[in-house]
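Number of protein chains: 2
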Amino acid sequence: MADPIDSAALDTLFNTARTQNKWTDRTVSDETLRQLYDLVKMGPTSANCQPARFVFIRTQEGKEKLRPALSAGNLDKTMTAPVTAIIAWDEKFYDKLPVLFPHADAKSWFTGSAAFAEATAFRNSSLQAGYFILAARALGLDTGAMSGFDANKVNDAFFAGTGWKANLLVNLGYGDPAGVQGRLPRLSFDEAADLA
Amino acid sequence: MADPIDSAALDTLFNTARTQNKWTDRTVSDETLRQLYDLVKMGPTSANCQPARFVFIRTQEGKEKLRPALSAGNLDKTMTAPVTAIIAWDEKFYDKLPVLFPHADAKSWFTGSAAFAEATAFRNSSLQAGYFILAARALGLDTGAMSGFDANKVNDAFFAGTGWKANLLVNLGYGDPAGVQGRLPRLSFDEAADLA
Chain L
1 MADPIDSAAL
11 DTLFNTARTQ
21 NKWTDRTVSD
31 ETLRQLYDLV
41 KMGPTSANCQ
51 PARFVFIRTQ
61 EGKEKLRPAL
71 SAGNLDKTMT
81 APVTAIIAWD
91 EKFYDKLPVL
101 FPHADAKSWF
111 TGSAAFAEAT
121 AFRNSSLQAG
131 YFILAARALG
141 LDTGAMSGFD
151 ANKVNDAFFA
161 GTGWKANLLV
171 NLGYGDPAGV
181 QGRLPRLSFD
191 EAADLA
Chain V
1 MADPIDSAAL
11 DTLFNTARTQ
21 NKWTDRTVSD
31 ETLRQLYDLV
41 KMGPTSANCQ
51 PARFVFIRTQ
61 EGKEKLRPAL
71 SAGNLDKTMT
81 APVTAIIAWD
91 EKFYDKLPVL
101 FPHADAKSWF
111 TGSAAFAEAT
121 AFRNSSLQAG
131 YFILAARALG
141 LDTGAMSGFD
151 ANKVNDAFFA
161 GTGWKANLLV
171 NLGYGDPAGV
181 QGRLPRLSFD
191 EAADLA
């Protein structure tokens, strides 16, 4: 156990944080992106498999490569964001398990079943995307996550020949409050949870 | 943007937090579980769809219902944990979209494609599982997440007739450091990330 974090930090992570649609001119340094990854990598994954892969697009050239894959509603905010991260998974994540999980032959659990490997990669890279969004907020960044894009186009443009598969996109920067929309409703405990 | 959170809070969430395998006698109140949900629900999801559902098992009877679904390596730590949460998704999550995303006919995006609905539910409930693990740590709880269990048995035992589907399990409580294993390696930035 550890001491609970304080209410200001809970606000930064959960309670007052908001998805951003407009961005200030403040840039995001590569050093900040490395700090972000160094937090995300600490989050737990199944058999320590760490299937998520991250492409941080922060050049105009990179953004233009991404543009044709974006849905209309996500275009402006993504093209203007200081950084857009592609969160992907490596479909051959299990090749690293002899190092990442050395005390068992974990690789063989996945090489025998493509469906199990894909479900594990999808589940755990999405879990890591959750860590990513909260780690970004922890560093004072604002985020805007999106699944409204053409994954095949992203895969063709960025990942040809690599076996990486796009899962979702996350814009990163410092938000302009003018672009924030009204908070949408949340399910109550009784709608989403049970005690047993 | 918000102020970054301090290094003690980063330790609680990421850097010194560890998956727990043994538990102290300290119990977890239902009030704490409600506080946990109230943080998790604030995390962003695609079209605010919030597909994750949570069953907090904290009775002996509930644990016995879960027991046959557990893999051997996860049995003892789960049966002794103060609480085990089943994180599931509701395959008909889209029925709530007229309330959760009222400004568009978002429900129709999913009723037309079972595969798109399932991928959205799986991705976003896993993302919410990431929020869940970090929100639990933020409240001072320790966690132990697992995907080593028989999901069909969990679905039959807990979710018959509901359309909820088990995604992963998370033990909650206050860990006994004696059960913590050595930290496993993490992928470096250069192995897992690219700048573009």
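Heads up: the protein sequence lines correspond to chains L and V, in order.
Its first residue numbered 1, the first sequence is counted upward by one per residue in the UniProt record's numbering.
Its first residue numbered 1, the second sequence is counted upward by one per residue in the UniProt record's numbering.
Note that beta-carbon positions come from the ideal geometry of N, C-alpha and C, so glycine has one too.
Computed from a predicted model, the values in this text were never measured in an experiment.
Give me the residue from the options with the minimum Cα distance to residue i.
i              : options                                    : result
Tyr131(V)      : Leu187(V), Ile57(V), Thr19(V), Leu39(V)    : Leu39(V)
Ser188(V)      : Ala17(L), Pro51(L), Asp6(L)                : Pro51(L)
Thr84(V)       : Tyr94(V), Val55(V), Gly182(V)              : Val55(V)
Met79(L)       : Ala88(L), Gly62(L), Ile87(L), Gln128(L)    : Gly62(L)
residue 199(V) : Asn74(V), Glu64(V), Arg58(V), Asn48(V)     : Given a span of 1 to 196 for chain V in the structure shown, any question on residue 199(V) remains unanswerable.
Arg26(L)       : Ser46(L), Pro82(L), Val99(L), Val170(L)    : Pro82(L)
Ser46(L)       : Phe93(L), Arg183(L), Ala88(L), Ala192(L)   : Phe93(L)
Glu91(V)       : Val180(V), Ala166(V), Pro185(V)            : Ala166(V)
Ile87(V)       : Arg53(V), Asp76(V), Arg58(V), Leu100(V)    : Arg53(V)
Cys49(V)       : Arg123(V), Leu169(V), Arg183(V)            : Arg123(V)
Asp150(L)      : Gln181(L), Lys65(L), Asp142(L)             : Lys65(L)
Ala145(L)      : Asn152(L), Asp190(L), Val99(L), Gln128(L)  : Gln128(L)
Lys153(V)      : Leu141(V), Arg58(V), Leu168(V), Glu191(V)  : Leu168(V)
residue 199(V) : Leu195(L), Ala193(L), Asp190(L), Arg186(L) : No answer is possible for residue 199(V): the residues shown for chain V start at 1 and end at 196.
Gln181(L)      : Phe101(V), Leu141(V), Ala114(V), Gly163(V) : Phe101(V)
Arg58(V)       : Gly140(V), Leu33(V), Glu191(V), Phe14(V)   : Leu33(V)
Trp164(V)      : Ala192(L), Ala114(L), Ser125(L)            : Ala192(L)
Thr162(V)      : Gln35(V), Trp89(V), Phe14(V), Lys77(V)     : Trp89(V)
Lys41(L)       : Ala196(V), Thr143(V), Arg183(V)            : Arg183(V)
Asn15(V)       : Leu36(L), Gly140(L), Ala196(L)             : Leu36(L)
Pro44(L)       : Asn171(V), Ala196(V), Asp194(V)            : Asn171(V)
Thr24(L)       : Leu13(L), Glu31(L), Lys77(L), Asp30(L)     : Lys77(L)
Leu13(V)       : Gly140(V), Asp194(V), Leu195(V)            : Gly140(V)
Gly179(L)      : Asp142(L), Asp190(L), Lys96(L), Glu31(L)   : Asp142(L)
Between which two residues does the beta strand (DSSP E) carrying residue i extend?
i         : result
Val180(L) : Counting along the chain, Val180(L) falls outside any beta strand (DSSP E), and DSSP gives it neither H nor E.
Ala88(L)  : 83-90
Arg18(V)  : Where Arg18(V) is concerned, there is no enclosing beta strand (DSSP E), given that its DSSP letter is neither H nor E.
Ala2(L)   : Taken as a continuous stretch (DSSP letters only), Ala2(L) belongs to no beta strand (DSSP E), as it is neither H nor E.
Arg53(V)  : 52-57
Would you kindly report the start and end of the unbroken alpha helix (DSSP H) that includes residue i?
i         : result
Lys107(V) : 107-111
Phe122(L) : 114-138
Leu195(V) : Premise fails: Leu195(V) lies in the beta strand (DSSP E), 193-195, not in any alpha helix (DSSP H).
Ala69(L)  : Where Ala69(L) is concerned, there is no enclosing alpha helix (DSSP H), given that its DSSP letter is neither H nor E.
Asp156(L) : 151-158
Arg34(L)  : 30-40
Leu10(L)  : 7-10
Where does residue i fall in DSSP's three states?
i              : result
Met146(L)      : strand
Phe101(L)      : coil
Lys165(V)      : strand
Ala47(L)       : helix
residue 209(V) : An answer regarding residue 209(V) cannot be provided, because it is not within the stretch 1 to 196 covered by chain V.
Leu141(V)      : coil
Please confirm whether any heavy atom of the ligand GTP lies closer than 8 Å to the CB of residue i.
i         : result
Leu184(L) : This structure does not include the ligand GTP; it has no bound ligands of any sort.
Below 7 Å on C-beta distance, what does residue i contact in chain C?
i         : result
Ala166(V) : Note that chain C does not occur in the displayed structure, where the protein chains are L and V.
Using 8 Å as the cut-off, can you tell me whether the segment 99-114 of chain V makes contact with the segment 98-117 of chain L, which would need three or more C-beta pairs spanning the two stretches below that distance? no
Stretch-stretch touch, CB-based, cutoff 8 Å, three pairs: the segment 175-188 of chain L with the segment 64-71 of chain L: no
For the 8 Å Cβ check, are there 3 or more pairs between the segment 122-137 of chain L and the segment 152-161 of chain L? no
Does the segment 116-126 of chain V come within contact of the segment 13-28 of chain V, defined as at least 3 CB pairs closer than 8 Å? no
Is there contact between the segment 2-9 of chain V and the segment 3-14 of chain L, where contact requires at least three CB pairs shorter than 8 Å? yes
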